[in-house]
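Enquirer: Protein chains in written order, with our numbering: chain H, 1 to 210; chain F, 1001 to 1210. The following block contains the structure, expressed as C-alpha cells.
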DNA sequence: TCGCTATACTGCAGACTGCAGTATCTGTTG
DNA sequence: CAACAGATACTGCAGTCTGCAGTATAGCGA
C-alpha cells in the first residue's frame, strides 16, 4: 500500500486531534483547501485506506440510528508522518485556466479575455476576503488551535500573497490588453518590457513585479 | 461527449498549427506546462477524443515502418474553442506540498522544515532560470511563433512572478523558522504581524509582501 | 555493426473529482 | 405539534488524469 501526499495531509490533520470524516471534509479542510485541495469524496475513501494500513484507527458511534465514524492517529501513523516530513517536497503545481485563456486569446474576442481577467480578479479578491476573515477570527481569539497559529501563519502569508499576485496581474493584464488593437496584441510594445525583464531574472537585479 | 479544460487547451494548440502527438507531448507543452500541466500519457488519449468528436482530424504518415499521427483542428473545433473562450474561467488551483509540510511541521524536526523550504526555494530558482532562458531565446529571435509573443508574455509575467513569490516566501519563512525555539513556533512574535496584515487585506491599505 | 538517443506510441493500476443519491438528526416556524 | 429546512454522514458511479513500464522503429556516430 503506497501512500500519496493526500495520505500524509490527512495524517497531519489526525496528528492534531481525532476527527470524524465529516469534520475532515468540511471544517478542517478550510485551511488545507487553499494550498492542498482534495474533494470530499476522496477523503472518505482515503481515510479508510489509512485505517486499513494501520496508520489510523476508526471508532464508530451512533446518534440514534445514524452512525458516525471518527478516526485517530496510531503510533505507526505518527511515525509515517515523521518520516514523510524528512523527504523533499514535490514542486508546487499551478493550474490557472485564465492563463490558458490568455495564451489562446486570439481565437476569441478581446472582450472575452477582458471578461476572463475580470472574473479572475474577482475570484482573487473574494479569496483574500475569506483569508482576511480567517485572520480576523484569529485576532479575535476564535482560532480553533491558537497554539498552532505560527505554523498557520506561514502558509497564510503565502496564500494571501498568491491571491494578491493574481489580483494585481489581472489588473495589469486587463489594462494592457485594453490598449491592444488586435486580439493577439501584435502591436503591443509592452511585450519587450516583460520579456527583457524575465530574461534578466537570476542575472543580478530583477525588475519590478506587476 | 463532454469536453474538459484539457480538451480546450489542446484545441488552442491546434488552432496555432497542426502537431503530432509526440510534438504536443514534448516541445509544445513547454509553455503550457507552467500553468496548465498535463501528463504525456493523457494527451495521447485526449487528442483521440477530440478526433472522435470531430473537433480535430488525424492524418497518419509513415517513416519507414513507423507510423506518425498528426492532428489538425476542424471548423467545429475552432467554433468550440471560440465558445469556450466566452465562458468564465475556473479559479486558479494551487497545490503546494511545501505549505502542507510547513502546516504540519510540528510533527517533525525543525531542520526538516528548513530543508523543505530550501528545496522549494531551489525549485523556484531553477524554474525562473528556465523561464529566463525562454525569454532570452525570444529576444534572440528564436521564438517559434513571434507573432504570438504578446499573448505569451501575459502568462510569462504571471508565471515568473509566481516562482519569484515562492522563492521570496521560502527565504522569509526559513529566516523566521530559524529563530524559533520550538518546532511549532509557539514563541514566535512574527505571527501577529502576519495575521494583522492579512486581516487588513481589502480594508483599504494592505501591508507589504514578503 | 553496435549502441545511443529520439520518435511514437499502448497498457495498466491507481489517484482523484464531481455529481447524484440515500438516510438520519435537529432546530425553527406556523 | 407537524412540516420543513438545513446539517450530519455517508455510498455509488462514471469519468479525468497521472506515472510507470513496456514495445517498437529510425537515425546517427564510433
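Using N, Cα and C, we set each Cβ at its ideal position, and we do this for glycine too. Note that this is a predicted model, so its numbers are computed, not measured.
Going by C-alpha distance, which of H:73, H:54, H:40 and H:74 is nearest residue 2 (chain H)?
Expert: Here the closest residue by C-alpha is H:54.
Enquirer: Is the Cβ-Cβ distance between residue 1061 (chain F) and residue 1068 (chain F) less than 7 Å?
Expert: Against a cut-off of 7 Å, the Cβ pair of residue 1068 (chain F) and residue 1061 (chain F) comes out as a contact.
Enquirer: Closer than 7 Å, CB to CB, is residue 1186 (chain F) near chain H or not?
Expert: Closer than 7 Å: yes.
Enquirer: Name, going along the chain, the residues of the region 1151-1174 of chain F whose beta-carbon falls closer than 8 Å to a beta-carbon of chain H.
Expert: Of all residues in the region 1151-1174 of chain F, 1151, 1152, 1153, 1154, 1155, 1156, 1157, 1158, 1159, 1160, 1161, 1162, 1164, 1165, 1166, 1169, 1172 and 1173 have a Cβ within less than 8 Å of some Cβ in chain H.
Enquirer: If you reduce the DSSP assignment to three classes, tell me which class residue 1094 (chain F) lands in.
Expert: Note: residue 1094 (chain F) maps to strand in three-state DSSP.
Enquirer: Would you verify that the beta carbon of residue 118 (chain H) is, or is not, closer than 7 Å to some beta carbon of chain F?
Expert: It does not: the Cβ of residue 118 (chain H) has no partner Cβ on chain F nearer than 7 Å.
Enquirer: Taking 7 Å as the CB-CB limit, is residue 110 (chain H) close to chain F?
Expert: No - not a single Cβ of chain F is within 7 Å of the one on residue 110 (chain H).
Enquirer: Out of F:1175, F:1190 and F:1183, state which residue places its alpha-carbon closest to the alpha-carbon of residue 1108 (chain F).
Expert: Checking every option, the nearest Cα to that of residue 1108 (chain F) belongs to F:1183.
Enquirer: Do you know offhand how far residue 1175 (chain F)'s Cα is from residue 1118 (chain F)'s?
Expert: Looking at the two C-alpha atoms, the distance is approximately 11 Å.
Enquirer: Tell me, to the nearest whole angstrom, how far the beta carbon of residue 1007 (chain F) is from that of residue 1040 (chain F); I am working on the premise that it is less than 8 Å.
Expert: Contact flag wrong, Cβ pair sits at about 16 Å.
Enquirer: For the pair the region 16-33 of chain H and the region 1081-1088 of chain F, tell me if three or more CB-CB distances fall below 8 Å.
Expert: Taking 8 Å as the limit for Cβ pairs, the verdict is that the region 1081-1088 of chain F does not touch the region 16-33 of chain H.
Enquirer: Across which residues does DSSP place residue 1065 (chain F) in a beta bridge pair?
Expert: The partner list for residue 1065 (chain F) (beta bridge, DSSP) is empty, contrary to what the question assumes.
Enquirer: Below 8 Å between beta carbons is the criterion; list the residues of the region 1022-1041 of chain F that meet it against any residue of chain H, in chain order.
Expert: Hits within the stretch, in order: 1031, 1032, 1034, 1035, 1036 and 1037.
Enquirer: Kindly give me the distance between the Cβ atoms of residue 1037 (chain F) and residue 123 (chain H), rounded to whole angstroms, as I take these residues to be in contact under 8 Å.
Expert: Wrong, their Cβ atoms sit about 20 Å apart, outside the cutoff.
Enquirer: Please compile the residues from chain H whose C-beta is within a distance smaller than 7 Å of the C-beta of residue 1138 (chain F).
Expert: Ordered by position in chain H, the residues that pass the 7 Å Cβ test against residue 1138 (chain F) are 195.
Enquirer: Could you check whether residue 1198 (chain F) and residue 135 (chain H) sit closer than 7 Å to each other, using their CB atoms as the reference points?
Expert: In this structure, residue 1198 (chain F) lies closer than 7 Å to residue 135 (chain H) by Cβ.
Enquirer: Does DSSP put residue 1149 (chain F) in a helix, in a strand, or in coil?
Expert: Helix, per DSSP.
Enquirer: Report the option in H:137, H:121 and H:51 whose CA atom is closest to the CA atom of residue 76 (chain H).
Expert: The shortest C-alpha separation from residue 76 (chain H) is found at H:51.
Enquirer: Expressed to the nearest angstrom, what Euclidean distance is found between the alpha-carbon atoms of residue 1160 (chain F) and residue 180 (chain H)?
Expert: Distance between the alpha carbons of residue 1160 (chain F) and residue 180 (chain H): 23 Å.
Enquirer: Quick check on the burial criterion: 16 or more other C-beta atoms within 10 angstroms. Buried or exposed for residue 1147 (chain F)?
Expert: Result: exposed.
Enquirer: Give a yes or no on whether the C-beta atoms belonging to residue 102 (chain H) and residue 1031 (chain F) are separated by under 7 Å.
Expert: Taking 7 Å as the Cβ cut-off, residue 102 (chain H) and residue 1031 (chain F) do not qualify as a contacting pair.
Enquirer: Taking residue 1045 (chain F) as part of the alpha helix (DSSP H), name the residues at either end of that continuous run.
Expert: Per DSSP, residue 1045 (chain F) belongs to the alpha helix (DSSP H) from 1040-1052.
Enquirer: Below 7 Å on C-beta distance, what does residue 90 (chain H) contact in chain F?
Expert: Those within 7 Å of residue 90 (chain H) in chain F are 1097.
Enquirer: Tell me where the alpha helix (DSSP H) around residue 180 (chain H) begins and ends.
Expert: Taken as a continuous stretch (DSSP letters only), residue 180 (chain H) belongs to no alpha helix (DSSP H), as it is neither H nor E.
Enquirer: Are residue 1097 (chain F) and residue 5 (chain H) close, meaning C-beta to C-beta below 7 Å?
Expert: Taking 7 Å as the Cβ cut-off, residue 1097 (chain F) and residue 5 (chain H) qualify as a contacting pair.
Enquirer: Along the chain, where does the alpha helix (DSSP H) containing residue 28 (chain H) start, and where does it finish?
Expert: It is not in any alpha helix (DSSP H) - residue 28 (chain H) carries neither H nor E in the DSSP assignment.
Enquirer: Have a look at F:1137, F:1178, F:1186 and F:1009 and flag the residue whose alpha-carbon is nearest the alpha-carbon of residue 1113 (chain F).
Expert: Of F:1137, F:1178, F:1186 and F:1009, the residue nearest in Cα terms is F:1178.
Enquirer: Which value, in whole angstroms, describes the spacing of the CA atoms of residue 63 (chain H) and residue 14 (chain H)?
Expert: So the two alpha carbons sit approximately 22 Å from each other.
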